[in-house]
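Report on the structure given below.
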Amino acid sequence: MGSVGPPEVALSSPPPPPVVAAAAAAGAGSADGGQEKPAQNGGPAAGAAPAMGEEGTEYRGLPGGAGAAPAPAPSPASLSIVPLIFIIFYEVSGGPFGIEDSVGAAGPLLAIAGFLALPVIWSVPEALITAELGTMFPENSGYVVWVASALGPYWGFQQGWMKWLSGVIDNALYPVLFLDYLKSGVPALGGGAPRTGAVLGLTALLTLLNYRGLTVVGWAAISLGVFSLLPFLVMGFISIPKLRPARWLEVDLHNVDWNLYLNTLFWNLNYWDSISTLSGEIRNPAKTLPKALFYAVIFVVVGYLYPLLTGTGAVPLDRGQWTDGYFADIAKVLGGAWLMWWMQAAAAMSNMGMFVAEMSSDSYQLLGMAERGMLPAFFATRSRYGTPLVGILFSASGVLLLSTMSFQEIVAAENFLYCFGMLLEFLSFVLLRVRRPDAPRPYRVPLGTAGCVAMLVPATALIVAVLALSTLKVALVSLGAVAVGLVLQPVLKFVEKKRWLRFSVNSNLPGIDVALQPAAPDEPLIV
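Using the working numbering, the first residue of the sequence shown is number 1, and each one after it goes up by one.
Structural data, given as structure tokens:
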């Protein structure tokens with residue numbers, strides 16, 4: 001990643017332990033400039049880890065234990081804690097734009113209750129799992145290697161396919177939503193050639209930000225986040241004289257669109273695990289990742305509840321008006337046209353932030369899968385800025401292909417695929433606790449195995465509810481996408497066997513059955 005950005009402050013300065021150095025070097029190659037060792041005759045290279053398709057149901061080593069190769073010199077990881085918090089914020093939320101449908105579907109009381117309860121049921125468990133497994137496996141394959149280590153490389157690939165596809169589907173929303181917020185001021189952006197050209201141009205511009213590196217992405221996320229949230233802070237202060245708390249209690253249980261309600265809540269509170277595919281780019285991930293997730297959960301929940309309480313409490317309820325973009329109308333009622341324009345600009349900028357954060361995770365995931373031998377070696381190619389060049393281009397192409405889908409279709413389809421991926425994650429988390437109870441974990445969820453299972457029961461019930469409420473069309477399209485992944489992995493292994501494309505495993509990555517050594521307690525936290 002690029003080196004642009006303000007100087008960081010180190011709280012202390014001991015050198016990083018070898019395992020963190022090994023994790024940081026996972027995507028950078030060896031000290032002599034060789035990133036990977038090519039496979040010979042379809043098999044793993046000398047000195048490299050075995051190709052993932054040739055292993056059994058578990059890998060042969062967890063990072064950094066006995067028998068592992070000596071740690072190479074570390075490559076500079078790019079993400080410190082403040083940019084990381086904002087990248088997580090944008091991967092999960094991006095602000096309250098899009099939560100309006102929860103009020104339209106179920107009324108103020110259920111909307112407020114949902115954004116209080118669902119973080120406990122879903123966001124906190126997902127963030128805890130990400131903190132434990134993301135620090136246990138600090139590499140860019142993220143949740144792919146979690147599943148592969150517990151269920152085998154075949155299911156690891158399926159996890160990667162479903163998560164990457166759901167991420168690209170999610171990212172297809174943001175250029176479209178950006179233009180939707182601007183078309184009231186520029187009617188030509190409502191359709192036709194001008195809109196198509198704007199989608200292409202915007203996608204190219206945001207893709208360029210990702211190409212320039214995570215430092216650029218991180219500080220862009222901070223700037224966009226501050227700009228996007230300020231109008232809600234101002235609107236909240238303006239609304240104080242007009243707040244009527246009784247409006248928060250309005251509910252009609254006989255008039256609830258449960259499918260729209262649950263999908264809106266779920267879409268706005270998931271993707272906490274996306275940051276795991278940037279674990280190899282985080283400075284001191286053993287300390288930085290759990291802290292960033294903790295602060296981000298608070299940031300996201302407050303960022304939803306504050307505007308929701310403002311909007312529902314200060315303006316008489318008209319559920320039919322509560323659709324995407326309604327916060328701009330509320331801003332006009334409470335503060336005037338200047339606040340409405342600021343809100344619309346903030347919404348547009350928020351979509352830019354969500355795009356660059358999601359593309360970062362999607363593209364680094366492809367790089368991480370290539371470094372584990374799951375994808376052809378060219379996916380591991382890095383630009384001169386250290387970014388995954390091929391992964392960025394593939395993710396941008398997927399966004400353009402899917403940008404013609406409607407908002408509701410995109411949300412439902414990505415939720416469906418995401419649910420399948422989360423079921424694999426939950427199962428892998430529990431299996432690793434059972435099979436590897438003594439494996440050192442830099443961060444450990446403060447529950448025993450039985451407690452972890454109990455924590456996941458409500459989240460699993462939510463997944464079942466989201467899947468059950470999906471329309472037949474969404475279910476068929478999503479299951480078709482899953483079926484593609486089931487076939488694609490054997491096809492890639494056949495291509496590897498025939499040597500039509502080169503596959504290789506990064507020799508700097510440790511195996512997966514030896515325990516990871518925890519970070520030194522005095523290792524510096526970069527802020």
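No residue lacks a Cβ here, since even glycine has one placed at the ideal position from N, Cα and C.
It should be emphasised that the depicted structure is a prediction, and the values quoted were computed from it without experimental measurement.
P119 and L308 closer than 9 Å at C-beta: It is not a contact, given that the beta carbons lie outside the stated cut-off.
Residue range of the unbroken alpha helix (DSSP H) whose run includes T323: Run containing T323: none; DSSP gives neither H nor E here.
Whether V145 touches K163 by CB criterion (9 Å): Cβ atoms of V145 and K163: not closer than 9 Å.
Alpha-carbon spacing of S228 relative to K497, whole angstroms: Cα atoms of S228 and K497: separation of roughly 50 Å, rounded to the nearest angstrom.
Short CB-CB distance (under 9 Å) between S78 and chain B: As a matter of chain content, chain B is missing from the structure shown, which is built from one protein chain.
Under 9 Å between C-beta atoms of W267 and G95: No; because the gap between Cβ atoms is not below 9 Å, this pair is not in contact.
Rounded straight-line distance, which links the Cα of L128 to that of A413: If I take the Cα positions, the gap works out to 25 Å.
S149 versus P446, E100, E425, V297, residue with shortest Cα-Cα distance: Distances from the alpha-carbon of S149 to those of P446, E100, E425, V297 put E425 closest.
Helix, strand or coil at I99 according to DSSP, with G and I counted as helix: Secondary structure at I99: coil, using DSSP grouped into helix, strand and coil.
Between the CA atoms of E132 and V445 - distance to the nearest angstrom: Roughly 6 Å separates the two Cα atoms.
Same chain only: Cβ atoms within 7 Å of A481, ignoring 5 sequence neighbours per side: Hits under 7 Å: L165, L417.
Residue environment, R433, which counts as buried when at least 16 other CB atoms sit within 10 Å: Here R433 is buried. Its C-beta has 16 or more other C-beta atoms within 10 Å.
The stretch 336 to 356 touching the stretch 307 to 322, judged by at least three CB pairs closer than 8 Å: No, the stretch 336 to 356 is not in contact with the stretch 307 to 322.
Buried versus exposed, by CB contacts within 10 Å (16 or more), D170: Its Cβ being crowded by 16 or more others within 10 Å, D170 is buried.
Beta-carbon proximity of F327 to A345, cut-off 9 Å: No, the Cβ-Cβ distance between F327 and A345 is not below 9 Å.
Test item: CB-CB of L289 and T135 under 9 Å: For L289 and T135, yes; Cβs fall inside 9 Å.
Of the residues F494, G311, R212, I238, the one placed nearest L389, counting alpha carbons only: Nearest option by C-alpha distance: R212.
Three-state secondary structure assigned by DSSP to V487: The answer is helix: DSSP assigns V487 an H, G or I state.
Nearest to P458 (by Cα), restricted to the options W122, Y304, G191: Closest option to P458, Cα to Cα, is W122.
Option in L214, L423, G451, P231 with minimal Cα separation from G384: Just to set this straight, residue 384 is Arg in the shown sequence, not Gly. Nearest Cα to R384 within the set L214, L423, G451, P231: L214.
Cβ neighbour criterion (16 or more within 10 Å) applied to P245: Exposed, by the Cβ-count rule.
For V186, the three-state DSSP class (helix, strand or coil): DSSP places V186 in coil when its eight states are reduced to three.
Nearest-angstrom Cα separation, counted from Y90 out to Y443: Across the structure, Y443 and Y90 are spaced so that their CA atoms are roughly 23 Å apart.
Per-residue DSSP class, three states only, for R372: Correct three-state label for R372: strand.
Nearest residue (CA-CA) to S395, options W341, R247, W161, E126: When each option's Cα is compared against that of S395, the closest is W161.
Status (buried if at least 16 other CB within 10 Å, exposed otherwise) for G156: Flag for G156 reads buried.
4 or more residues per run - each alpha helix (DSSP H) lying fully within the stretch 325 to 400: Scanning the stretch 325 to 400 from its first residue to its last, the whole alpha helix (DSSP H) runs of 4-plus residues come out as 326 to 335, 337 to 371.
In DSSP terms, what L79 is bridged to: Under DSSP, L79 shares a beta bridge with I282.
Collapsed DSSP secondary structure at V457 in the structure displayed: DSSP places V457 within a helical segment (H, G or I) once states are collapsed to three.
First and last residue of the uninterrupted alpha helix (DSSP H) at G236: For G236, the enclosing alpha helix (DSSP H) starts and ends at 214 to 239.
Proximal residues to L265 (C-beta, below 8 Å), its chain only, five neighbours per side dropped: Residues S102, G114, F115, L118 of the same chain have their beta carbon placed closer than 8 Å to that of L265, with the five preceding and five following residues left out of the count.
Nearest residue (CA-CA) to L427, options G152, N284, A468, I88: Out of G152, N284, A468, I88, G152 has the C-alpha closest to the C-alpha of L427.
Run of the alpha helix (DSSP H) containing V591, from where it starts to where it stops: Nothing about residue 591 can be read from this structure; the chain reaches only from 1 to 527.
V474 versus Q158, N263, V251, residue with shortest Cα-Cα distance: For V474, the closest alpha carbon among the candidates Q158, N263, V251 is that of N263.
Sub-9 Å separation of S367 and G391 beta-carbons: The sequence shown places Leu at residue 367, rather than the Ser named in the question. Cβ distance < 9 Å, so L367 and G391 count as in contact.
Simplified DSSP assignment, three categories, for V505: Three-state DSSP puts V505 in a strand.
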